[in-house]
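Here's the structure, in C-alpha coordinates; my notes come after.
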Amino acid sequence: MLDIKLIRENPEKVKKGIAAKGTSVDLVDKVLDLDKKWRDQVVVMENLRSERNKAVESKNIESGKKIKSELSLLEPKLDEAKKLLDEALGQLPNLPADDVPVGKNEKDNVEIKKWGTPRKFDFLPKDHLELGTKLGILDFASGSRVSGNNFYFWLGAGALLELALVKYAFDVLSKEGFMPIITPDLVRSRFYLGTGYMPKGNEAQTYTIDEEDLGLIATAEITLAGRHADEVLTEDKLPIKYIGYSHCFRKEAGAYGKYSKGLYRVRQFTKAEMFIYCLPEESEKYHKHILDMEEKIYQGLGLPYRILEMCTGDLGAMAVKKYDIEAWMPGRDDYGEVTSTSNCTDFQARNLNIKLKRKNGKMEYIHMLNGTAIATSRTPIAILENYQQEDGSVIIPEILRPYMGVDKIERNDQ
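Sequential numbering of the sequence shown, starting at 291, is according to this note's numbering.
The following block contains the structure:
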(Lines of atoms letter the chains of each structure in order from A and count residues from 1; the text may use other names and numbers.)
(Lines give C-alpha, C1' and ligand atoms only; values in the text may rest on other atoms or scores of the structure.)
Protein backbone atom coordinates (compact mmCIF):
# COMPACT_ATOMS: atom_id res chain seq x y z
CA MET A 1 0.00 0.00 0.00
CA LEU A 2 1.22 3.49 -0.85
CA ASP A 3 1.63 6.19 1.78
CA ILE A 4 -1.56 8.29 1.73
CA LYS A 5 0.54 11.36 2.57
CA LEU A 6 2.45 10.92 -0.69
CA ILE A 7 -0.81 10.78 -2.63
CA ARG A 8 -2.16 13.89 -0.90
CA GLU A 9 1.02 15.91 -1.31
CA ASN A 10 2.19 14.77 -4.74
CA PRO A 11 -0.71 13.28 -6.71
CA GLU A 12 0.90 14.01 -10.08
CA LYS A 13 3.98 11.97 -9.17
CA VAL A 14 1.74 9.07 -8.17
CA LYS A 15 -0.26 9.36 -11.39
CA LYS A 16 2.91 9.30 -13.46
CA GLY A 17 4.21 6.24 -11.62
CA ILE A 18 1.06 4.15 -11.81
CA ALA A 19 0.47 5.13 -15.45
CA ALA A 20 3.91 3.72 -16.27
CA LYS A 21 2.69 0.42 -14.80
CA GLY A 22 -0.47 0.52 -16.90
CA THR A 23 -2.83 1.48 -14.06
CA SER A 24 -5.57 4.07 -14.60
CA VAL A 25 -4.71 7.49 -13.15
CA ASP A 26 -8.40 7.92 -12.29
CA LEU A 27 -7.72 5.71 -9.27
CA VAL A 28 -5.65 8.50 -7.72
CA ASP A 29 -8.56 10.94 -7.98
CA LYS A 30 -10.86 8.29 -6.52
CA VAL A 31 -8.52 7.79 -3.56
CA LEU A 32 -8.26 11.53 -2.94
CA ASP A 33 -12.06 11.88 -3.05
CA LEU A 34 -12.58 9.00 -0.62
CA ASP A 35 -9.79 10.34 1.59
CA LYS A 36 -11.50 13.74 1.81
CA LYS A 37 -14.84 12.15 2.69
CA TRP A 38 -13.21 10.04 5.38
CA ARG A 39 -11.26 12.97 6.86
CA ASP A 40 -14.37 15.17 6.86
CA GLN A 41 -16.20 12.53 8.87
CA VAL A 42 -13.24 12.22 11.24
CA VAL A 43 -13.48 15.97 11.92
CA VAL A 44 -17.22 15.68 12.61
CA MET A 45 -16.56 12.73 14.92
CA GLU A 46 -13.83 14.56 16.83
CA ASN A 47 -16.02 17.65 17.24
CA LEU A 48 -18.89 15.55 18.58
CA ARG A 49 -16.59 13.81 21.05
CA SER A 50 -15.32 17.18 22.23
CA GLU A 51 -18.92 18.38 22.72
CA ARG A 52 -19.76 15.18 24.59
CA ASN A 53 -16.82 15.72 26.95
CA LYS A 54 -18.01 19.26 27.63
CA ALA A 55 -21.53 17.99 28.30
CA VAL A 56 -20.16 15.44 30.77
CA GLU A 57 -18.10 18.11 32.54
CA SER A 58 -21.11 20.44 32.77
CA LYS A 59 -23.37 17.52 33.77
CA ASN A 60 -25.72 18.29 30.88
CA ILE A 61 -27.27 14.81 30.72
CA GLU A 62 -29.78 15.56 27.96
CA SER A 63 -27.14 17.01 25.64
CA GLY A 64 -24.81 14.12 26.41
CA LYS A 65 -27.45 11.55 25.43
CA LYS A 66 -28.16 13.37 22.17
CA ILE A 67 -24.47 13.50 21.22
CA LYS A 68 -24.00 9.84 22.17
CA SER A 69 -26.84 8.93 19.81
CA GLU A 70 -25.29 10.97 17.00
CA LEU A 71 -21.93 9.29 17.57
CA SER A 72 -23.46 5.82 17.43
CA LEU A 73 -24.95 6.68 14.03
CA LEU A 74 -21.72 8.22 12.71
CA GLU A 75 -19.28 5.49 13.80
CA PRO A 76 -20.42 2.84 11.27
CA LYS A 77 -20.40 5.48 8.52
CA LEU A 78 -16.84 6.39 9.47
CA ASP A 79 -15.83 2.72 9.42
CA GLU A 80 -17.41 2.28 5.99
CA ALA A 81 -15.64 5.39 4.67
CA LYS A 82 -12.29 4.01 5.91
CA LYS A 83 -13.03 0.62 4.37
CA LEU A 84 -13.77 2.20 0.97
CA LEU A 85 -10.60 4.29 1.19
CA ASP A 86 -8.44 1.27 2.05
CA GLU A 87 -9.97 -0.77 -0.78
CA ALA A 88 -9.16 2.00 -3.27
CA LEU A 89 -5.64 2.37 -1.87
CA GLY A 90 -5.19 -1.36 -2.29
CA GLN A 91 -5.73 -1.03 -6.04
CA LEU A 92 -2.75 1.31 -6.46
CA PRO A 93 0.59 -0.35 -7.30
CA ASN A 94 3.96 0.61 -5.89
CA LEU A 95 5.69 3.35 -7.88
CA PRO A 96 8.59 2.29 -10.13
CA ALA A 97 12.05 3.64 -9.35
CA ASP A 98 13.06 6.62 -11.47
CA ASP A 99 15.72 4.65 -13.36
CA VAL A 100 13.51 1.69 -14.33
CA PRO A 101 13.16 1.38 -18.13
CA VAL A 102 9.75 2.52 -19.35
CA GLY A 103 7.79 -0.06 -21.31
CA LYS A 104 4.47 -1.86 -21.66
CA ASN A 105 5.32 -5.55 -21.35
CA GLU A 106 8.05 -8.21 -21.37
CA LYS A 107 9.11 -7.20 -24.89
CA ASP A 108 10.40 -3.94 -23.42
CA ASN A 109 12.57 -5.53 -20.72
CA VAL A 110 16.27 -4.68 -20.98
CA GLU A 111 19.10 -7.21 -21.10
CA ILE A 112 21.90 -5.94 -18.85
CA LYS A 113 24.30 -8.90 -18.66
CA LYS A 114 25.15 -12.30 -20.12
CA TRP A 115 27.26 -15.03 -18.51
CA GLY A 116 28.54 -18.20 -20.13
CA THR A 117 28.29 -19.45 -23.70
CA PRO A 118 25.44 -21.69 -24.85
CA ARG A 119 26.70 -25.15 -25.70
CA LYS A 120 26.95 -26.18 -29.35
CA PHE A 121 25.79 -29.77 -29.74
CA ASP A 122 27.12 -32.20 -32.35
CA PHE A 123 23.78 -34.02 -32.16
CA LEU A 124 20.13 -32.90 -32.08
CA PRO A 125 19.42 -32.03 -28.42
CA LYS A 126 16.24 -33.23 -26.75
CA ASP A 127 14.04 -31.12 -24.50
CA HIS A 128 13.80 -31.87 -20.77
CA LEU A 129 10.43 -33.58 -21.06
CA GLU A 130 11.70 -36.15 -23.55
CA LEU A 131 14.95 -36.58 -21.60
CA GLY A 132 13.25 -36.97 -18.23
CA THR A 133 10.63 -39.36 -19.54
CA LYS A 134 13.11 -41.60 -21.37
CA LEU A 135 15.47 -41.60 -18.38
CA GLY A 136 12.56 -42.69 -16.18
CA ILE A 137 13.03 -39.81 -13.73
CA LEU A 138 10.06 -37.61 -14.69
CA ASP A 139 6.48 -38.90 -14.85
CA PHE A 140 3.80 -36.46 -15.97
CA ALA A 141 1.40 -39.23 -17.02
CA SER A 142 1.00 -40.53 -13.46
CA GLY A 143 0.94 -37.00 -12.07
CA SER A 144 -1.93 -36.10 -14.39
CA ARG A 145 -3.83 -39.26 -13.46
CA VAL A 146 -3.38 -38.73 -9.72
CA SER A 147 -3.69 -34.94 -9.41
CA GLY A 148 -4.63 -33.41 -12.78
CA ASN A 149 -2.85 -31.59 -15.59
CA ASN A 150 0.54 -30.02 -14.86
CA PHE A 151 1.33 -32.28 -11.91
CA TYR A 152 4.20 -34.78 -12.01
CA PHE A 153 6.34 -37.29 -10.13
CA TRP A 154 10.12 -37.04 -9.74
CA LEU A 155 11.60 -40.54 -9.62
CA GLY A 156 15.00 -41.91 -8.62
CA ALA A 157 17.78 -39.53 -9.65
CA GLY A 158 15.14 -36.91 -10.48
CA ALA A 159 14.01 -36.83 -6.85
CA LEU A 160 17.64 -36.70 -5.71
CA LEU A 161 18.28 -33.81 -8.12
CA GLU A 162 15.49 -31.75 -6.55
CA LEU A 163 16.79 -32.40 -3.04
CA ALA A 164 20.37 -31.69 -4.12
CA LEU A 165 19.44 -28.33 -5.63
CA VAL A 166 17.69 -27.18 -2.47
CA LYS A 167 20.55 -28.30 -0.22
CA TYR A 168 23.10 -26.65 -2.53
CA ALA A 169 21.23 -23.33 -2.42
CA PHE A 170 20.86 -23.53 1.37
CA ASP A 171 24.56 -24.24 1.81
CA VAL A 172 25.59 -21.31 -0.41
CA LEU A 173 23.26 -18.87 1.32
CA SER A 174 23.82 -20.05 4.89
CA LYS A 175 27.47 -19.09 4.44
CA GLU A 176 26.30 -15.62 3.35
CA GLY A 177 24.33 -14.99 6.54
CA PHE A 178 20.88 -16.18 5.45
CA MET A 179 19.00 -18.09 8.15
CA PRO A 180 17.42 -21.34 6.87
CA ILE A 181 13.70 -21.51 7.53
CA ILE A 182 10.97 -24.00 6.52
CA THR A 183 7.62 -22.25 6.20
CA PRO A 184 3.98 -23.37 6.24
CA ASP A 185 2.42 -24.08 2.85
CA LEU A 186 -0.94 -22.59 3.88
CA VAL A 187 -1.61 -18.98 4.89
CA ARG A 188 -4.55 -16.81 5.85
CA SER A 189 -5.94 -14.56 3.13
CA ARG A 190 -4.51 -11.44 4.76
CA PHE A 191 -1.01 -12.58 3.85
CA TYR A 192 -1.46 -13.59 0.23
CA LEU A 193 -3.47 -10.42 -0.34
CA GLY A 194 -0.93 -8.31 1.54
CA THR A 195 1.92 -9.61 -0.59
CA GLY A 196 0.03 -9.15 -3.85
CA TYR A 197 -1.15 -12.64 -4.78
CA MET A 198 -4.68 -12.46 -6.14
CA PRO A 199 -7.05 -15.21 -4.93
CA LYS A 200 -9.85 -14.68 -7.46
CA GLY A 201 -10.60 -13.30 -10.92
CA ASN A 202 -8.62 -13.46 -14.14
CA GLU A 203 -5.31 -13.06 -12.29
CA ALA A 204 -6.06 -15.78 -9.74
CA GLN A 205 -2.96 -17.67 -8.68
CA THR A 206 -4.04 -19.06 -5.34
CA TYR A 207 -5.77 -22.31 -4.43
CA THR A 208 -8.08 -21.31 -1.58
CA ILE A 209 -9.84 -23.16 1.24
CA ASP A 210 -12.55 -20.57 1.73
CA GLU A 211 -14.33 -22.15 4.69
CA GLU A 212 -11.09 -21.85 6.67
CA ASP A 213 -9.80 -18.55 5.18
CA LEU A 214 -6.67 -20.32 3.97
CA GLY A 215 -4.79 -20.50 0.69
CA LEU A 216 -1.88 -22.57 -0.62
CA ILE A 217 1.13 -20.32 -1.11
CA ALA A 218 2.54 -19.53 -4.55
CA THR A 219 5.94 -18.77 -3.01
CA ALA A 220 7.60 -18.66 0.42
CA GLU A 221 7.76 -14.88 -0.09
CA ILE A 222 4.22 -14.82 1.33
CA THR A 223 5.01 -16.68 4.55
CA LEU A 224 8.40 -15.05 5.03
CA ALA A 225 6.79 -11.61 4.69
CA GLY A 226 4.06 -12.63 7.10
CA ARG A 227 6.39 -13.93 9.80
CA HIS A 228 6.90 -10.44 11.24
CA ALA A 229 3.42 -9.02 10.57
CA ASP A 230 2.28 -6.49 13.20
CA GLU A 231 5.78 -6.37 14.69
CA VAL A 232 8.20 -3.53 15.36
CA LEU A 233 11.76 -4.46 14.35
CA THR A 234 14.61 -2.50 15.88
CA GLU A 235 17.41 -0.99 13.82
CA ASP A 236 20.11 -3.03 15.55
CA LYS A 237 18.46 -6.33 14.47
CA LEU A 238 18.63 -5.52 10.75
CA PRO A 239 19.11 -6.83 8.20
CA ILE A 240 17.13 -10.02 8.70
CA LYS A 241 18.03 -12.46 5.91
CA TYR A 242 16.05 -15.66 5.37
CA ILE A 243 16.46 -18.53 2.96
CA GLY A 244 13.08 -20.23 3.04
CA TYR A 245 11.95 -23.65 1.85
CA SER A 246 8.39 -24.37 0.77
CA HIS A 247 6.21 -26.10 -1.73
CA CYS A 248 4.59 -23.66 -4.16
CA PHE A 249 1.15 -23.97 -5.73
CA ARG A 250 -0.05 -21.98 -8.75
CA LYS A 251 -3.15 -22.37 -10.85
CA GLU A 252 -1.30 -21.27 -14.01
CA ALA A 253 -4.65 -20.67 -15.71
CA GLY A 254 -4.26 -20.20 -19.45
CA ALA A 255 -0.62 -21.34 -19.42
CA TYR A 256 -0.37 -23.02 -22.79
CA GLY A 257 2.01 -23.07 -25.74
CA LYS A 258 5.33 -24.63 -26.66
CA TYR A 259 7.24 -22.68 -23.98
CA SER A 260 4.84 -23.79 -21.25
CA LYS A 261 5.08 -27.56 -21.66
CA GLY A 262 6.71 -29.90 -19.19
CA LEU A 263 8.21 -28.38 -16.06
CA TYR A 264 8.18 -24.75 -17.18
CA ARG A 265 4.65 -24.11 -15.94
CA VAL A 266 3.41 -26.55 -13.32
CA ARG A 267 0.92 -26.34 -10.49
CA GLN A 268 3.21 -27.55 -7.71
CA PHE A 269 6.96 -27.30 -7.21
CA THR A 270 9.54 -26.76 -4.50
CA LYS A 271 11.41 -23.50 -4.12
CA ALA A 272 14.18 -21.99 -2.03
CA GLU A 273 13.41 -18.29 -1.60
CA MET A 274 15.54 -15.44 -0.28
CA PHE A 275 13.85 -12.73 1.78
CA ILE A 276 15.37 -9.66 3.42
CA TYR A 277 14.06 -7.07 5.91
CA CYS A 278 16.29 -4.00 5.94
CA LEU A 279 16.65 -0.28 6.57
CA PRO A 280 14.98 1.86 3.87
CA GLU A 281 18.27 3.48 2.90
CA GLU A 282 19.84 0.03 2.35
CA SER A 283 17.20 -1.71 0.24
CA GLU A 284 18.89 -0.90 -3.07
CA LYS A 285 22.14 -2.39 -1.74
CA TYR A 286 20.41 -5.57 -0.60
CA HIS A 287 18.57 -5.89 -3.89
CA LYS A 288 21.97 -6.05 -5.57
CA HIS A 289 23.06 -8.56 -2.90
CA ILE A 290 20.19 -10.91 -3.74
CA LEU A 291 20.97 -10.67 -7.45
CA ASP A 292 24.64 -11.43 -6.70
CA MET A 293 23.57 -14.55 -4.77
CA GLU A 294 21.39 -15.72 -7.64
CA GLU A 295 24.33 -15.31 -10.01
CA LYS A 296 26.63 -17.19 -7.64
CA ILE A 297 24.22 -20.14 -7.53
CA TYR A 298 23.81 -20.36 -11.31
CA GLN A 299 27.48 -19.83 -12.05
CA GLY A 300 28.20 -22.69 -9.65
CA LEU A 301 25.88 -24.87 -11.71
CA GLY A 302 27.70 -23.85 -14.88
CA LEU A 303 24.50 -22.74 -16.62
CA PRO A 304 24.71 -19.92 -19.20
CA TYR A 305 22.29 -17.12 -18.35
CA ARG A 306 21.33 -13.54 -18.97
CA ILE A 307 19.95 -10.87 -16.62
CA LEU A 308 16.96 -8.76 -17.59
CA GLU A 309 15.83 -5.57 -15.90
CA MET A 310 12.04 -5.45 -15.95
CA CYS A 311 10.39 -2.46 -17.58
CA THR A 312 7.67 -0.48 -15.78
CA GLY A 313 4.86 -2.47 -17.41
CA ASP A 314 6.32 -5.83 -16.32
CA LEU A 315 7.23 -5.01 -12.72
CA GLY A 316 4.10 -6.26 -11.03
CA ALA A 317 2.16 -4.33 -8.41
CA MET A 318 4.56 -4.65 -5.48
CA ALA A 319 8.01 -3.92 -6.91
CA VAL A 320 9.83 -0.65 -7.53
CA LYS A 321 12.57 -2.56 -9.35
CA LYS A 322 12.90 -6.15 -10.50
CA TYR A 323 15.50 -8.36 -12.17
CA ASP A 324 15.03 -11.77 -13.77
CA ILE A 325 17.72 -14.32 -14.54
CA GLU A 326 17.00 -16.43 -17.60
CA ALA A 327 19.03 -19.62 -18.10
CA TRP A 328 19.84 -21.01 -21.53
CA MET A 329 17.44 -23.85 -22.39
CA PRO A 330 18.53 -25.79 -25.50
CA GLY A 331 15.14 -27.48 -25.80
CA ARG A 332 13.61 -24.15 -26.77
CA ASP A 333 16.83 -22.73 -28.26
CA ASP A 334 16.29 -19.68 -26.10
CA TYR A 335 16.60 -18.33 -22.58
CA GLY A 336 13.91 -19.06 -19.98
CA GLU A 337 13.23 -17.42 -16.61
CA VAL A 338 14.65 -19.26 -13.60
CA THR A 339 14.87 -16.53 -10.93
CA SER A 340 13.31 -13.20 -10.10
CA THR A 341 14.23 -10.63 -7.46
CA SER A 342 12.14 -7.64 -6.41
CA ASN A 343 12.64 -4.61 -4.20
CA CYS A 344 9.19 -3.89 -2.74
CA THR A 345 10.41 -1.03 -0.48
CA ASP A 346 7.77 -0.38 2.23
CA PHE A 347 4.76 -1.42 0.13
CA GLN A 348 4.20 -4.88 1.62
CA ALA A 349 5.25 -3.62 5.05
CA ARG A 350 2.35 -1.15 5.05
CA ASN A 351 -0.06 -3.92 4.09
CA LEU A 352 1.23 -6.19 6.85
CA ASN A 353 1.97 -3.48 9.44
CA ILE A 354 5.69 -4.18 9.87
CA LYS A 355 7.53 -1.21 11.33
CA LEU A 356 11.09 -0.16 12.04
CA LYS A 357 12.12 1.56 15.26
CA ARG A 358 15.20 3.73 14.82
CA LYS A 359 17.84 4.15 17.50
CA ASN A 360 16.47 7.66 18.09
CA GLY A 361 12.98 6.24 18.65
CA LYS A 362 11.56 7.29 15.28
CA MET A 363 9.06 4.82 13.79
CA GLU A 364 8.65 4.10 10.08
CA TYR A 365 7.85 1.22 7.77
CA ILE A 366 10.58 -1.29 6.99
CA HIS A 367 11.76 -2.26 3.50
CA MET A 368 11.31 -5.82 2.23
CA LEU A 369 12.93 -7.69 -0.68
CA ASN A 370 12.64 -11.16 -2.16
CA GLY A 371 14.43 -13.33 -4.70
CA THR A 372 14.45 -16.88 -6.01
CA ALA A 373 17.40 -19.03 -5.00
CA ILE A 374 16.28 -22.24 -6.71
CA ALA A 375 12.97 -23.30 -8.23
CA THR A 376 13.07 -27.07 -8.61
CA SER A 377 10.89 -27.02 -11.68
CA ARG A 378 12.76 -24.67 -14.01
CA THR A 379 16.35 -25.20 -12.85
CA PRO A 380 16.22 -28.93 -13.73
CA ILE A 381 15.06 -27.95 -17.22
CA ALA A 382 18.33 -26.08 -17.75
CA ILE A 383 20.43 -28.83 -16.14
CA LEU A 384 18.89 -31.73 -18.08
CA GLU A 385 19.02 -29.89 -21.40
CA ASN A 386 22.49 -28.34 -21.07
CA TYR A 387 24.21 -31.42 -19.63
CA GLN A 388 22.57 -34.06 -21.86
CA GLN A 389 24.71 -36.55 -23.78
CA GLU A 390 24.11 -38.11 -27.17
CA ASP A 391 23.10 -41.44 -25.60
CA GLY A 392 20.35 -39.69 -23.59
CA SER A 393 22.20 -39.69 -20.26
CA VAL A 394 22.79 -36.46 -18.32
CA ILE A 395 26.03 -35.43 -16.63
CA ILE A 396 25.52 -34.04 -13.11
CA PRO A 397 27.04 -30.56 -12.58
CA GLU A 398 30.19 -31.04 -10.55
CA ILE A 399 28.97 -28.91 -7.65
CA LEU A 400 25.93 -31.18 -7.15
CA ARG A 401 27.78 -34.50 -7.19
CA PRO A 402 28.54 -34.58 -3.44
CA TYR A 403 24.81 -34.17 -2.76
CA MET A 404 23.69 -36.85 -5.22
CA GLY A 405 26.47 -39.41 -4.90
CA VAL A 406 26.58 -39.95 -8.69
CA ASP A 407 28.09 -38.06 -11.60
CA LYS A 408 25.61 -39.10 -14.27
CA ILE A 409 21.87 -39.78 -14.65
CA GLU A 410 21.15 -42.89 -16.66
CA ARG A 411 18.01 -44.85 -17.46
CA ASN A 412 15.84 -45.74 -14.44
CA ASP A 413 13.49 -48.65 -15.16
CA GLN A 414 11.53 -48.52 -11.90
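Heads up, the beta-carbon is just placed ideally off N, CA and C, and yes, glycines get one too.
{"Query": "Per DSSP, which residues does GLY534 bridge with? Please list them.", "Result": "ILE471, GLU563"}
{"Query": "Can you tell me whether SER667 is buried or exposed? The criterion is at least 16 other CB atoms within 10 Å of its CB, across all chains shown.", "Result": "buried"}
{"Query": "In whole angstroms, what is the alpha-carbon distance linking TYR576 and ILE689?", "Result": "26 Å"}
{"Query": "Could you spell out the range, first to last residue, of the alpha helix (DSSP H) harbouring GLU585?", "Result": "573-590"}
{"Query": "Would you tell me roughly how many angstroms separate the C-alpha atoms of PHE460 and PRO470, rounded to the nearest one?", "Result": "7 Å"}
{"Query": "Do ALA562 and LEU593 come within 7 Å of each other at the CB atom, strictly closer than that value?", "Result": "no"}
{"Query": "Bridge partners of THR629, per DSSP?", "Result": "ILE615"}
{"Query": "Assuming the contact rule is C-beta atoms closer than 8 Å, ASP604 and GLU370 should be a hit. Round their C-beta distance to whole Å, please.", "Result": "Contact doesn't hold; Cβ gap of about 36 Å is too wide."}
{"Query": "Can the beta-carbon of GLY528 be found closer than 7 Å to that of LEU463?", "Result": "Looking at the sequence provided, one finds Leu at residue 528 rather than Gly. No, the Cβ-Cβ distance between LEU528 and LEU463 is not below 7 Å."}
{"Query": "Taking the continuous alpha helix (DSSP H) assigned at ASN641, which residues delimit it?", "Result": "637-642"}
{"Query": "With a cut-off of 8 Å, do at least 3 Cβ pairs link the stretch 349-368 to the stretch 411-425?", "Result": "no"}
{"Query": "Nearest by alpha-carbon distance to THR662: which of VAL304, PRO620, PRO408, PHE565 is it?", "Result": "PHE565"}
{"Query": "Go ahead and label SER437 buried or exposed: buried means 16 or more other beta carbons lie within 10 angstroms of its beta carbon, across all protein chains shown.", "Result": "exposed"}
{"Query": "Given LEU374, which residues of its chain have a CB within under 6 Å of its CB, disregarding the five upstream and five downstream residues?", "Result": "LEU324"}
{"Query": "Any idea what DSSP makes of MET653, helix, strand or coil?", "Result": "strand"}
{"Query": "Under three-state DSSP, which class holds PHE413?", "Result": "coil"}
{"Query": "For THR524, report the span of its beta strand (DSSP E) as first-last.", "Result": "522-524"}
{"Query": "When the Cα atoms are used, what is the spatial distance from ASP520 to ILE597?", "Result": "35 Å"}
{"Query": "Do you know offhand how far ARG622's Cα is from ASP417's?", "Result": "7 Å"}
{"Query": "Would DSSP call MET694 helix, strand or coil?", "Result": "helix"}
{"Query": "List the whole-angstrom C-beta distance separating PHE468 from TYR532, where the pair is believed to meet the contact cut-off of C-beta under 8 Å.", "Result": "6 Å"}
{"Query": "Whole angstroms are fine: how far does the CA of CYS601 sit from the CA of PRO391?", "Result": "5 Å"}
{"Query": "At what residues does the alpha helix (DSSP H) containing VAL304 begin and finish?", "Result": "301-310"}
{"Query": "Could you check the C-alpha separation between SER353 and ILE644 for me, to the nearest Å?", "Result": "42 Å"}
{"Query": "Express the C-alpha separation of VAL334 and ASN343 in angstroms, rounding to a whole number.", "Result": "14 Å"}
{"Query": "Drop a sphere of 10 angstroms on the beta-carbon of LYS578, count the other beta-carbons inside from all chains shown, and report buried for 16 or more, exposed for fewer.", "Result": "exposed"}
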